[in-house]
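Residue numbers (the working numbering): 151 to 324. Cβ coordinates follow ideal geometry from the N, Cα and C atoms, glycine included. Here the structure is a predicted model, which is why all the values come from computation and not from measurement.
This is the structure in structure tokens:
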């Protein structure tokens with residue numbers, strides 16, 4: 151059943167996100183519902199704040215009052231989540247929870263997909279998508295965490311670095 155699991159957004163009282171997330175996982179363990187509810191996460195971001203004592207790096211919730219749950223939605227899993235203290239409901243219309251789309255999940259960076267690239271810095275690549283499609287360039291650096299690649303392309307006789315998605319380039323044999 152876990153392969154049918156989708157990501158849902160659970161609305162909580164502000165400040166209860168961590169308590170709700172741990173209560174969900176505790177219920178999953180106690181009731182042995184690992185096949186219905188597989189993951190619980192609170193999207194966080196690292197922010198540098200400037201204070202009187204200098205810069206300080208802190209982790210902050212991206213969406214205060216919300217918890218993301220990867221689950222197979224049925225009556226049992228719905229009731230388990232809804233009956234946790236601090237949960238006000240699912241994001242959706244009425245009692246109908248709406249799953250996040252693949253594009254929304256990718257934008258949130260909730261699921262990390264392993265990316266295999268067949269090129270390395272210094273390799274020649276062809277840009278296959280975007281304004282510079284069919285241009286040839288040289289890979290300067292690859293950022294797998296952000297799924298980006300920096301390619302040096304010759305534009306109007308000048309070497310110009312261009313940041314692209316990993317899928318926008320393919321290796322070229324010269």
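{"Item": "Contacting residues, own chain, Cβ-Cβ under 8 Å from residue 181 (five flanking each side not counted)", "Value": "230"}
{"Item": "Rounded Cβ spacing between residue 160 and residue 170 (contact assumed at less than 8 Å)", "Value": "7 Å"}
{"Item": "Buried versus exposed, by CB contacts within 10 Å (16 or more), residue 218", "Value": "buried"}
{"Item": "Proximity below 8 Å, CB of residue 288 to CB of residue 274", "Value": "yes"}
{"Item": "Complete beta strand (DSSP E) runs within the segment 159 to 223 (minimum length 3 residues, chain order)", "Value": "187 to 191, 194 to 201, 204 to 211, 216 to 221"}
{"Item": "Straight-line gap, residue 299 to residue 284 (C-alpha atoms, nearest Å)", "Value": "16 Å"}
{"Item": "When 318, 188, 252 are compared against residue 361, the one with the closest alpha-carbon", "Value": "Residue 361 is absent from the model: the chain starts at 151 and stops at 324."}
{"Item": "For residue 234, three-class secondary structure by DSSP", "Value": "coil"}
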